[in-house]
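A.B. asks: Take a look at the following structure, please.
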Amino acid sequence: MKILSSEITPKDVYLNRREWLISAGLMVSAMPAAAASAFNTDEAKTPREAVTTYNNFYEFGTDKSDPAKNAHTLKPSPWSVVVDGLCAKPGTLSIEDLIKPHTIEERIYRMRCVEGWSMVIPWNGFALGDLLKRFEPLGSAKYVAFETLNDPQQMPGLRSPVLQWPYVEGLRMDEAMHPLTIMATGLYSESMPNQNGAPIRLVVPWKYGFKSIKSIVKITFTEAEPPTSWNRSAPREYGFYSNVNPTVDHPRWSQATERRIGEFFKRDTLMFNGYAEQVAGLYTGMDLKANY
Amino acid sequence: MLPRWLKPTVFVLCLLPLVQLVYLGFMAKLGVNPVEYVLRDLGEWALKFLLITLAITPLRKFTGWAWLAPLRRMLGLYAFFYAFLHLMVFFGADLSFDMSALWREVVRRPYITVGMLSLLIMLPLAITSTDKMIKRVGGVRWRRLHQLVYAAGILGVLHFYWMKSSKNLTTEPLIYAAVLAVLLAYRVADHYGHAPRLKRRART
Chain Y
1 MKILSSEITP KDVYLNRREW LISAGLMVSA MPAAAASAFN TDEAKTPREA
51 VTTYNNFYEF GTDKSDPAKN AHTLKPSPWS VVVDGLCAKP GTLSIEDLIK
101 PHTIEERIYR MRCVEGWSMV IPWNGFALGD LLKRFEPLGS AKYVAFETLN
151 DPQQMPGLRS PVLQWPYVEG LRMDEAMHPL TIMATGLYSE SMPNQNGAPI
201 RLVVPWKYGF KSIKSIVKIT FTEAEPPTSW NRSAPREYGF YSNVNPTVDH
251 PRWSQATERR IGEFFKRDTL MFNGYAEQVA GLYTGMDLKA NY
Chain R
293 MLPRWLKPTV FVLCLLPLVQ LVYLGFMAKL GVNPVEYVLR DLGEWALKFL
343 LITLAITPLR KFTGWAWLAP LRRMLGLYAF FYAFLHLMVF FGADLSFDMS
393 ALWREVVRRP YITVGMLSLL IMLPLAITST DKMIKRVGGV RWRRLHQLVY
443 AAGILGVLHF YWMKSSKNLT TEPLIYAAVL AVLLAYRVAD HYGHAPRLKR
493 RART
């Protein structure tokens with residue numbers, strides 16, 4: 001006796017499965033086909049091994065080797081993101097629906113950590129502005145707030161009170177809409193490794209790395225400047241803006257130089273991490289020493 | 293009587309952290325940011341040796357083990373040695389041997405100021421550590437001078453604490469601070485004759 005597989009698996013299940021396979025296929029195929037962005041730097045890329053084993057993600061431990069060791073407990077699928085606040089079309093989207101309308105492109109950006117080291121990372125992602133427009137932010141929305149997943153089952157580091165959880169970050173609306181600002185879904189043409197902020201994270205290349213919040217579950221349009229984790233923890237050391245600025249030192253150390261991972265001596269840090277041409281205009285007339 | 297092998301053995305043991313760093317360096321196993329790894333490892337060993345040195349006298353008094361005393365000088369010199377290497381890596385790799393940059397850092401950054409002070413305090417102690425110098429300086433003055441090691445310990449731990457606290461990583465420096473506090477408290481108690489001892493002091 002012959003049994004068709006269609007007799008065993010209910011129709012809606014296998015149709016769903018097909019849909020899922022197609023969307024997954026789309027996601028994967030979109031990555032290698034990424035178009036080269038005009039914003040890309042041609043500096044030597046930091047090896048993938050270094051990018052994925054040396055970073056800060058306190059939700060998985062405070063040592064820079066901890067995220068690579070501990071992030072296997074994160075479940076980036078299924079994943080959904082809540083978008084709310086001052087917008088005409090708030091909603092909760094699955095990660096698939098969130099990404100689907102966008103073309104993934106490669107963005108090779110410098111990444112400068114506030115601690116004084118830097119990397120060059122080939123991200124895969126799309127402009128945050130394109131995503132935000134889909135929710136039709138109201139005129140009163142002046143800022144965008146972001147929130148990381150807050151699940152101690154998946155993130156063992158959350159059991160330590162080293163920061164106030166969940167991790168939160170924010171951008172001014174014009175910073176969020178700037179074409180350099182991206183939502184990254186992968187690096188080195190592969191899906192985002194858990195330790196680097198799977199399944200989706202922010203990348204704002206002219207700001208210190210901690211602004212680029214990882215594993216995002218919530219995006220909120222606000223009128224007032226939203227709280228940000230490191231500013232809340234040490235307001236005199238970490239400001240809301242946290243633009244890379246070699247002339248404004250961290251109170252405890254100089255920001256004039258940085259160690260590019262793989263190099264021995266330190267090199268000079270560039271204003272706005274080398275993106276001054278694109279972003280300096282956002283801050284004309286602003287005192288960057290006061291708004292650090 | 294002190295066994296003849298004791299000092300050479302301790303001497304070699306104290307070199308192991310450095311040997312390990314050189315080995316890891318040759319095997320390219322110092323991680324993604326090798327300079328930072330070496331810098332921090334050397335700094336932590338300097339502090340560890342400083343605390344071990346400060347532990348010798350309380351431990352000797354507590355246990356009555358007289359053989360500990362002759363090791364103190366060597367351990368103290370190792371603390372200075374690792375602190376000096378720590379500074380040289382910072383000066384060389386982070387500041388490209390730029391003297392004015394070093395001065396700027398020392399003046400501007402409190403955590404570097406206290407770290408540098410700690411090392412500078414250890415310098416005259418290292419210089420006056422030979423038998424000849426002890427004689428030349430004279431027992432009482434020499435002992436008073438070498439009480440500066442307490443300041444070196446406090447400033448060294450403060451240096452570590454301030455450096456780590458910016459990223460909210462205070463657990464480790466607080467452990468060092470707790471150990472230091474116990475070691476200094478023992479001395480205070482001993483001064484007033486209340487320090488705990490395993491055996492009663494023989495009456496003299």
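Protein sequences appear in the order of chains Y and R.
First residue of the first sequence? That's 1 in this note's numbering, and the numbers climb one at a time after it.
First residue of the second sequence? That's 293 in this note's numbering, and the numbers climb one at a time after it.
Virtual Cβ for every residue (Gly too), placed ideally from N, Cα, C.
In this text the structure is predicted, and so the values were computed from the model without any measurement.
Which residues in chain Y sit within 8 Å of residue 498(R), going by Cβ to Cβ distance?
C.D. replies: Only positions 293 to 496 of chain R appear in this structure, which leaves residue 498(R) out of reach.
A.B. asks: Taking three-plus beta-carbon pairs below 8 Å as touching, is the region 442-455 of chain R in contact with the region 331-344 of chain R?
C.D. replies: Yes, they touch.
A.B. asks: Assign residue 122(Y) to one of two classes, buried (16 or more other C-beta atoms within 10 Å of its C-beta) or exposed (fewer than that).
C.D. replies: So residue 122(Y) ends up on the buried side.
A.B. asks: Among 349(R), 469(R), 423(R), whose alpha-carbon lies nearest the alpha-carbon of residue 439(R)?
C.D. replies: The shortest C-alpha separation from residue 439(R) is found at 349(R).
A.B. asks: Taking its Cβ as the centre, do 16 or more other Cβ atoms sit within 10 Å of residue 392(R), making it buried, or is it exposed?
C.D. replies: Exposed, because fewer than 16 other Cβ atoms sit within 10 Å of the Cβ of residue 392(R).
A.B. asks: Quick one: grab the DSSP three-state call for residue 139(Y).
C.D. replies: Note: residue 139(Y) maps to coil in three-state DSSP.
A.B. asks: Comparing alpha-carbon positions, which option in 325(R), 397(R), 445(R), 420(R) lies nearest residue 251(Y)?
C.D. replies: For the residues 325(R), 397(R), 445(R), 420(R), the minimum Cα distance to residue 251(Y) belongs to 397(R).
A.B. asks: With 9 Å as the C-beta to C-beta threshold (strictly closer), list the residues of the region 393-406 of chain R near chain Y in chain order.
C.D. replies: Answer in chain order: 393, 396, 397, 400, 401, 402, 403, 404.
A.B. asks: Output the distance between the C-alpha atoms of residue 324(R) and residue 58(Y), rounded to the nearest integer angstrom.
C.D. replies: In a straight line, the C-alpha of residue 324(R) is about 18 Å away from that of residue 58(Y).
A.B. asks: Quick one, which of 272(Y), 108(Y), 90(Y) has its alpha-carbon nearest residue 218(Y)'s?
C.D. replies: Measuring from the Cα of residue 218(Y), the nearest candidate turns out to be 90(Y).
A.B. asks: At least one CB of chain Y closer than 8 Å to the CB of residue 449(R): is that the case?
C.D. replies: Chain Y, which has no Cβ nearer than 8 Å to the Cβ of residue 449(R), makes this no.
A.B. asks: Grab the span of the beta strand (DSSP E) containing residue 112(Y) for me, first residue to last.
C.D. replies: First-last of the beta strand (DSSP E) with residue 112(Y): 105-112.
A.B. asks: If you run the structure through DSSP and keep just helix, strand and coil, what is residue 243(Y)?
C.D. replies: Residue state, collapsed to three classes: strand.
A.B. asks: Hey, does residue 237(Y) have any beta-carbon neighbour from chain R nearer than 8 Å?
C.D. replies: At least one chain R Cβ lies under 8 Å of residue 237(Y).
A.B. asks: Report the option in 105(Y), 118(Y), 168(Y) whose CA atom is closest to the CA atom of residue 225(Y).
C.D. replies: Of 105(Y), 118(Y), 168(Y), the residue nearest in Cα terms is 168(Y).
A.B. asks: In whole angstroms, what is the alpha-carbon distance linking residue 448(R) and residue 259(Y)?
C.D. replies: For residue 448(R) and residue 259(Y), the distance between alpha carbons rounds to 25 Å.
A.B. asks: So what does DSSP say about residue 268(Y), is it helix, strand or coil?
C.D. replies: Residue state, collapsed to three classes: strand.
A.B. asks: Which runs of the beta strand (DSSP E) fall wholly inside the region 61-89 of chain Y and span at least 3 residues, in chain order?
C.D. replies: Entirely contained in the region 61-89 of chain Y, the beta strand (DSSP E) runs reaching 3 residues are, in chain order, 80-85.
A.B. asks: With respect to 7 Å, is the separation between the Cβ of residue 141(Y) and the closest non-hydrogen atom of the ligand SAH below this value?
C.D. replies: Inclusion of the ligand SAH in the displayed structure is not the case, the ligand content being empty and no account of it being possible.
A.B. asks: If we define contact as Cβ-Cβ less than 8 Å, is residue 253(Y) a contact residue for chain R?
C.D. replies: Residue 253(Y) counts as touching chain R.
A.B. asks: Would DSSP call residue 157(Y) helix, strand or coil?
C.D. replies: Residue state, collapsed to three classes: helix.
A.B. asks: List, in chain order, every chain Y residue whose beta-carbon is nearer than 8 Å to that of residue 423(R).
C.D. replies: Neighbours of residue 423(R) on chain Y: none; closest Cβ ~41 Å, over 8 Å.
A.B. asks: Along the beta strand (DSSP E) that carries residue 119(Y), what are the first and last residues, could you check?
C.D. replies: 117-127 is the span of the beta strand (DSSP E), which, as asked, contains residue 119(Y).
A.B. asks: Give me whichever residues DSSP pairs with residue 352(R) in a beta bridge.
C.D. replies: For residue 352(R), which the question treats as bridged, DSSP gives no partner whatsoever.
A.B. asks: Taking a cut of 8 Å between CB atoms, which residues from the region 426-455 of chain R lie near chain Y?
C.D. replies: Going along the region 426-455 of chain R in chain order, one finds 454, 455 with a Cβ nearer than 8 Å to chain Y.
A.B. asks: With DSSP as the reference, label residue 394(R) as helix, strand or coil.
C.D. replies: DSSP places residue 394(R) in helix when its eight states are reduced to three.
A.B. asks: Considering only the beta carbon of each residue, do residue 108(Y) and residue 52(Y) sit closer than 8 Å?
C.D. replies: Cβ atoms of residue 108(Y) and residue 52(Y): not closer than 8 Å.
A.B. asks: Residue 31(Y) CB to nearest chain R CB: under 8 Å?
C.D. replies: Bear in mind that a pLDDT of 49 at residue 31(Y), under 50, signals an unreliable position, so the number given afterwards is only what the model happens to contain. Chain R, which has no Cβ nearer than 8 Å to the Cβ of residue 31(Y), makes this no.
A.B. asks: What does residue 381(R) reach in chain Y if we use C-beta pairs closer than 9 Å?
C.D. replies: Those within 9 Å of residue 381(R) in chain Y number zero; the least Cβ separation is about 11 Å.
A.B. asks: Give a yes or no on contact between the region 405-416 of chain R and the region 361-378 of chain R, applying the rule of three or more CB pairs nearer than 8 Å.
C.D. replies: The answer is yes - the region 361-378 of chain R touches the region 405-416 of chain R, with three or more Cβ pairs under 8 Å.
A.B. asks: Could you have a look at residue 261(Y) and say whether DSSP puts it in helix, strand or coil?
C.D. replies: Three-state result, residue 261(Y): coil.
A.B. asks: Examine chain Y for any beta-carbon lying closer than 8 Å to the beta-carbon of residue 385(R), and answer yes or no.
C.D. replies: By this cut-off, residue 385(R) is an interface position.
A.B. asks: Using 8 Å as the Cβ pair cut-off and three pairs as the minimum, do the region 240-255 of chain Y and the region 108-119 of chain Y touch?
C.D. replies: Judged by Cβ distances under 8 Å, the region 240-255 of chain Y makes contact with the region 108-119 of chain Y, as three or more pairs qualify.
A.B. asks: Note down, in chain order, each residue of its chain lying with its Cβ closer than 7 Å to the Cβ of residue 476(R), except the 5 sequence neighbours on either side.
C.D. replies: Taken in chain order, the residues that qualify are 442.
A.B. asks: Please confirm if residue 410(R) has its CB atom under 8 Å from at least one CB of chain Y.
C.D. replies: Residue 410(R) does not count as touching chain Y.
A.B. asks: If you compare alpha carbons, which of 444(R), 463(R), 421(R) is closest to residue 435(R)?
C.D. replies: Comparing Cα-Cα distances from residue 435(R) to each of 444(R), 463(R), 421(R), the minimum goes to 421(R).
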